[in-house]
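Engineer:
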Amino acid sequence: MRAPYRTVVITGASSGLGAALALAYAGPQTALGLIGRNRQRLDATAAGCAAAGASVESAAIDVTDGAALAAWLGEFDRAYPVELLIANAGTSAGPDADSPGEPAELTLRQIAINLVGAVQTIAPLAPLMCRRGRGRIVAVASIAAYRGLPYSPGYSASKAGLRAYAEGLRPLLARHGVGVTVVCPGFFSSPMTDRWEGPTPFLATGERAARRVKRGIDRGRARISFPWPLVFGMRFCDLAPAWLGDAILRDFRFHIRSA
Numbered sequence: 002m003r004a005p006y007r008t009v010v011i012t013g014a015s016s017g018l019g020a021a022l023a024l025a026y027a028g029p030q031t032a033l034g035l036i037g038r039n040r041q042r043l044d045a046t047a048a049g050c051a052a053a054g055a056s057v058e059s060a061a062i063d064v065t066d067g068a069a070l071a072a073w074l075g076e077f078d079r080a081y082p083v084e085l086l087i088a089n090a091g092t093s094a095g096p097d098a099d100s101p102g103e104p105a106e107l108t109l110r111q112i113a114i115n116l117v118g119a120v121q122t123i124a125p126l127a128p129l130m131c132r133r134g135r136g137r138i139v140a141v142a143s144i145a146a147y148r149g150l151p152y153s154p155g156y157s158a159s160k161a162g163l164r165a166y167a168e169g170l171r172p173l174l175a176r177h178g179v180g181v182t183v184v185c186p187g188f189f190s191s192p193m194t195d196r197w198e199g200p201t202p203f204l205a206t207g208e209r210a211a212r213r214v215k216r217g218i219d220r221g222r223a224r225i226s227f228p229w230p231l232v233f234g235m236r237f238c239d240l241a242p243a244w245l246g247d248a249i250l251r252d253f254r255f256h257i258r259s260a
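Every position in the sequence shown, counted from 1, becomes a number in the numbering used here once 1 is added.
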């Protein structure tokens, strides 16, 4: 299924890419289901979408709470059969640059939100969309999904897992008329990027990133990755001999401040 989408659900809609996509899809003929953890910011996004003419339902739910998430998604889908689901909620963290490793709780928290939270978003709605024989599921990963970054191993693992999960779903759901899009963006302006201390090559505005993602979704693309120099570099590091990829990425030093 391709655009126009009349019913859209977006997680991580309280800020960043999720909020920008919600506003991009808002319109008089659209019903939006918005999920985020920060109620104040989520309400601001919902108000902007309502001002654009959309019907909006929102919920302050942590995607790690699978039972609450599934219950809300099921109730929303009964009222507004979902045509487009964007699993966007995510977080980032990382050890200090000179740390000998990443604390387990830091890694597991990112996996819980970025990977398990996305699975818990997609799994309740995928069978309903397949039963109706239409719709599109979008998983927002990262270019870090192509090759683990030495200063954010947990983040890289969570996004690589999400990319593999969604790529695996695509041929499985295609026979039921449901498309799957995997998004692997580089750097763009967002509260998450604000916590990044280090180089941010080819940094885009949040609005520009959202336009690019929306255009790819609306065209039914299976993959959306940008910017191409970073995508090429990360894929090269993955395909090159391990010693060469390690040497290149070792000097890409950064630190992600705690949220």
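Where a beta carbon is used, it is the ideal one built from N, C-alpha and C, also for glycine.
1. Could you check the C-alpha separation between residue 216 and residue 251 for me, to the nearest Å?
2. Since I believe residue 22 is in contact with residue 35 (beta carbons under 8 Å), could you give me their beta-carbon distance rounded to a whole number of angstroms?
3. What residues are listed by DSSP as bridge partners for residue 56?
4. Which residues in the same chain as residue 38 place their Cβ atom closer than 6 Å to its Cβ, once the five residues preceding and following it in sequence are excluded?
5. Flag residue 227 as yes if its beta-carbon sits less than 8 Å from any beta-carbon of chain C, otherwise no.
6. Exposed or buried, which one is residue 78 when buried takes at least 16 other CB atoms within 10 Å?
7. Please report the straight-line C-alpha distance between residue 154 and residue 240, rounded to a whole angstrom.
8. Please work out which residues of its chain come closer than 7 Å, Cβ to Cβ, to residue 14, disregarding the five sequence neighbours upstream and downstream, and give them in chain order.
9. Between which residues of its own chain and residue 146 is the CB-CB distance below 6 Å, once the five residues before and five after are set aside?
10. Leaving aside the five residues before and after residue 204 along the sequence, list all residues of the same chain whose C-beta is less than 6 Å from its C-beta, in chain order.
11. Using a threshold of 8 Å, state whether the C-beta atoms of residue 87 and residue 10 are closer than that.
12. So, at 8 Å on beta carbons, what are the nonlocal neighbours of residue 18 in its own chain, with the 5 sequence-adjacent residues on each side left out?
Structural biologist: Taking the structure as given:
1. On the sequence shown, position 215 is the one that residue 216 refers to. On the sequence shown, position 250 is the one that residue 251 refers to. Using only the alpha carbons, I get a separation of about 34 Å.
2. Translated into the one-based positions of the sequence shown, residue 35 becomes position 34. Translated into the one-based positions of the sequence shown, residue 22 becomes position 21. Between residue 35 and residue 22, the beta carbon gap of about 10 Å keeps them out of contact (Cβ cut-off 8 Å).
3. Taking the first residue of the sequence shown as position 1, residue 56 is located at position 55. Answer is 32.
4. Position 37 of the sequence shown, counting from 1, holds the residue named residue 38. Cβ neighbours of residue 38 within its own chain (closer than 6 Å, five residues either side excluded): 63.
5. The chain labelled as chain C is not found in the depicted structure, where only one protein chain is given.
6. Residue numbering aside, residue 78 sits at position 77 when the sequence shown is read from its first letter. Buried.
7. As a first step, residue 154 is located in the sequence shown; it is residue number 153 there, counting from the start. As a first step, residue 240 is located in the sequence shown; it is residue number 239 there, counting from the start. Whole-angstrom Cα-Cα distance: 18 Å.
8. Numbered from its first residue, the sequence shown carries residue 14 at position 13. Within the same chain, and ignoring the five residues on either side of residue 14 in sequence, the residues whose Cβ sits closer than 7 Å to its Cβ are 20, 23, 35, 36, 37, 43 and 46.
9. Taking the first residue of the sequence shown as position 1, residue 146 is located at position 145. Once the five neighbours on either side are set aside, the close Cβ partners of residue 146 are 160, 161, 164 and 185.
10. As a position in the sequence shown, residue 204 is number 203, starting the count at 1. 188, listed in sequence order.
11. Residue mapping note: residue 87 aligns to position 86 of the sequence shown, counting from 1. Residue mapping note: residue 10 aligns to position 9 of the sequence shown, counting from 1. Closer than 8 Å, so yes.
12. What you label residue 18 is simply residue 17 of the sequence shown in a count that begins at 1. The beta carbon of residue 18 lies closer than 8 Å to those of 89, 141, 186, 189, 191, 207, 210, 211 and 214 in the same chain, with the five residues before and after it left out.
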